[in-house]
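Trainee: In our numbering, the protein residues as written are 199 to 865.
Here a beta-carbon is modelled for each residue, glycine too, at the ideal position from N, C-alpha and C.
In this text, all values refer to a predicted model and were calculated from it rather than measured experimentally.
Structure incoming, see below.
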């Protein structure tokens, strides 16, 4: 299970790495097209092929200088929506119409750039809009070797893990096959068949890998032929007479490439069929394990039945003892007792014969124990392997169970013999009883004889089982020899796998070192940015607090001025009251007082308006203070959000470290 999970994780990591590399290639292709080719393409009047003239020369110079100069991009092709080659670094392709490219080009124009891997090339398609509703697709062909070199180790590790998981499942299924199932025909043939199937699968896989290498070499030769043909095509741009011959070479190379791809697909199908055959072998192993479990249940039921019969025999012996004790008090049954005596002698003879059979079974059991001891001595070096140890433990347990069963039956036979001896002595010492009791004794002795016959039959069955067990021990010996050969082969494979794991571990350690360096660099950058952000926010907060304090001082000053105005207003109101009292004293002064009152009223209204203005100013200052508090809260929340982002970055860093640790422990 662990190997299977590791295989899936490794395969998922390979797919994620491949997708990330293709996405990076798409981004770099889009950037290259936008910076180098888009300005030149926007000057085109239409999407007609450009094969000569000044515009063609300009495009060739731009492509050679900005796109093909570093050797990363192998070929440049500009496609129209109908599949026509508008421009290419290979002039012989300009003007060709490839109908198979229409779907690809139409899916790219007006959409996002995309990339795919085909025939060992990484092809990136970037759309360029020349005018509303008119566009072209720029194809950049690069080598896919970097992607293959980055993902192949992961795929190889996944394949090794999967093969190990399949082999472990087969060995696990064989290990837990009970010995009772093998007694009835399930022996090491299943294991041999599974091993043979695994070897056939390994042979097929090796053959497929050889075929793959051959096909890869043929593909390389085909690519070399294509490159040579392209070179000849470039040289033939000045001599049109060689064009048909070069096109013929290109067609032949394309046919060779197509045949190589077909052989590769056929090889992939064979690998799939081989995997299915291995899965079918594993399924058959599981079915045989289920049958063995059912056989174990049947034998357990048989064992319980034998135990019940033994208990019944003991009860019958006890009942006979009781009846004979009753017969000892009856003096009138001498003849019947003589007959019973003869019957007891016959029973003793049967018991003696049974004892001889048990002794023979004991001797055979001793021989089996010697055989098991020999197996223990031969399988000492294999005891650490869980599969063979389980087989040996199962065989030893079966022998112990059979030995205990035989001993129990022997003890019961001895007890029956002792009871018979006691009965005979009792009959010789005392002679008496009735005919009815004698008949009951005869019936009881007949039942005891029947029980003894059943015990004898069971003894014969146990003898047969011991013989089968001896055959099983021989099978185990042969299986141990086969397992020794398998272990030798497995050790060789383990050495090779260890070398591969060592190489992969070195690569993982290098990747971990680079990742740790990058993680430390990012952590330092995040710490610096966090410190800068905190310092800036602290400065802004201090400025905001200073502004709020200044506004508070102004507000307190306005409140003091308002209090002064209120006191002046109260004084004016007092003076108005005094003037009102003096109005009654002098009629001449009434008009003057009334005028003064009007003036004071006007002053009061003016003061009231001034007070309202001051109150409005205070409210405005209060609102501005609240806004300042809100800005401070927003700034604080931003600081906390940046701190949370920093913690998330640290958590991601820890997660990557944990994943690397998990991968290291798995490998």
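Can you tell me which residues form a DSSP beta bridge with residue 313?
Mentor: 322
Trainee: According to DSSP, is residue 212 helix, strand or coil?
Mentor: helix
Trainee: Does the stretch 301-315 come close enough to the stretch 242-260 that 3 or more CB-CB pairs lie under 8 angstroms?
Mentor: no
Trainee: Taking C-beta to C-beta, are residue 309 and residue 330 nearer than 8 angstroms?
Mentor: No, Cβ-Cβ distance for residue 309 and residue 330 is not below 8 angstroms.
Trainee: Over what stretch of residues does the alpha helix (DSSP H) that includes residue 333 continue unbroken?
Mentor: No alpha helix (DSSP H) holds residue 333; the beta strand (DSSP E) holding it covers 332-341.
Trainee: Please work out which residues of its chain come closer than 6 angstroms, Cβ to Cβ, to residue 295, disregarding the five sequence neighbours upstream and downstream, and give them in chain order.
Mentor: The residues are 281, 282.
Trainee: Report the CB separation of residue 234 from residue 265 in whole angstroms; it is logged as a contact under 8 angstroms.
Mentor: Going by Cβ atoms, the distance from residue 234 to residue 265 rounds to 6 angstroms, so yes, they are a contact pair.
Trainee: If I measure Cβ to Cβ from residue 271 and keep anything under 8 angstroms in the same chain, skipping five residues before and after, which residues do I get?
Mentor: 230, 265, 338, 339, 340
Trainee: What's the C-alpha gap between residue 827 and residue 808?
Mentor: Rounded to the nearest angstrom, the two C-alpha atoms are 28 angstroms apart.
Trainee: From residue 851 to residue 213, what distance separates their C-alpha atoms?
Mentor: 21 angstroms
Trainee: Measure from the alpha carbon of residue 247 to the alpha carbon of each residue in 290, 216, 863, then state which is nearest.
Mentor: 290
Trainee: Evaluate residue 349 with the Cβ neighbour count: other Cβ atoms within 10 Å of its Cβ, from every protein chain shown; 16 or more gives buried, anything less gives exposed.
Mentor: buried
Trainee: Nearest by alpha-carbon distance to residue 322: which of 219, 815, 803, 837 is it?
Mentor: 219
Trainee: Among 225, 803, 794, 342, which has the Cα closest to the Cα of residue 773?
Mentor: Closest option to residue 773, Cα to Cα, is 794.
Trainee: Going by other Cβ atoms of all chains shown within 10 Å of its Cβ, with 16 needed for buried, is residue 335 buried or exposed?
Mentor: Its Cβ being crowded by 16 or more others within 10 Å, residue 335 is buried.
Trainee: When the Cα atoms are used, what is the spatial distance from residue 327 to residue 840?
Mentor: 40 angstroms
Trainee: In the DSSP assignment, the beta strand (DSSP E) including residue 275 goes from what residue to what residue?
Mentor: 271-277
Trainee: Can you grab the Cα-Cα spacing for the pair residue 761 / residue 782, in whole Å?
Mentor: 33 angstroms
Trainee: Helix, strand or coil for residue 258, going by three-state DSSP, please let me know.
Mentor: helix
Trainee: Going by CA-CA distance only, name the one from 292, 318, 844, 813 that's closest to residue 275.
Mentor: 292
Trainee: Any idea if residue 311 is buried or exposed, counting beta-carbon neighbours within 10 angstroms, 16 or more meaning buried?
Mentor: buried
Trainee: For chain B, is any of its Cβ atoms less than 8 angstroms away from the one on residue 827?
Mentor: Looking at the structure shown, chain B is missing, and only one protein chain is on hand.
Trainee: Using the three-state DSSP reduction, which class does residue 248 fall into: helix, strand or coil?
Mentor: coil
Trainee: Does the distance from the C-beta atom of residue 257 to that of residue 232 stay below 8 angstroms?
Mentor: no
Trainee: Rounded to whole angstroms, what's the CA-CA distance from residue 259 to residue 287? Just pull it up for me.
Mentor: 10 angstroms
Trainee: Skipping 5 residues on each side, what residues in its chain have a beta carbon closer than 6 angstroms to that of residue 315?
Mentor: 342
Trainee: Which residues does DSSP pair with residue 282 in a beta bridge?
Mentor: 295
Trainee: Who are the near neighbours of residue 228 in its chain, counting only those whose CB is closer than 7 angstroms to its CB and skipping five residues on each side?
Mentor: 311, 324
Trainee: To which residues of the same chain is residue 836 closer than 6 angstroms at the C-beta, ignoring the five residues directly before and after it?
Mentor: Spatial neighbours of residue 836 in its own chain (CB-CB distance under 6 angstroms, excluding positions within 5 residues in sequence) are not present.
Trainee: Could you give the DSSP three-state label for residue 805: helix, strand or coil?
Mentor: Reduced to three states, the DSSP call for residue 805 is helix.
Trainee: Does DSSP classify residue 329 as helix, strand or coil?
Mentor: strand
Trainee: Apply the 10 Å Cβ neighbour rule to residue 861 and answer buried if 16 or more other Cβ atoms are within range, or exposed otherwise.
Mentor: buried
Trainee: Can you check which of these residues, 825, 848, 346, is closest to residue 215 by C-alpha distance?
Mentor: For the options 825, 848, 346, the alpha carbon positioned closest to that of residue 215 is the one of 346.
Trainee: On the premise that residue 279 lies in contact with residue 307, defined as a C-beta separation below 8 angstroms, what is that separation, rounded to the nearest angstrom?
Mentor: Your pair residue 307 and residue 279 checks out as a contact, with CB atoms roughly 6 angstroms apart and the cut at 8 angstroms.
Trainee: The alpha helix (DSSP H) that contains residue 305, what's its start and end?
Mentor: Following the DSSP letters along the chain, one finds residue 305 inside the alpha helix (DSSP H) bounded by residues 300-306.
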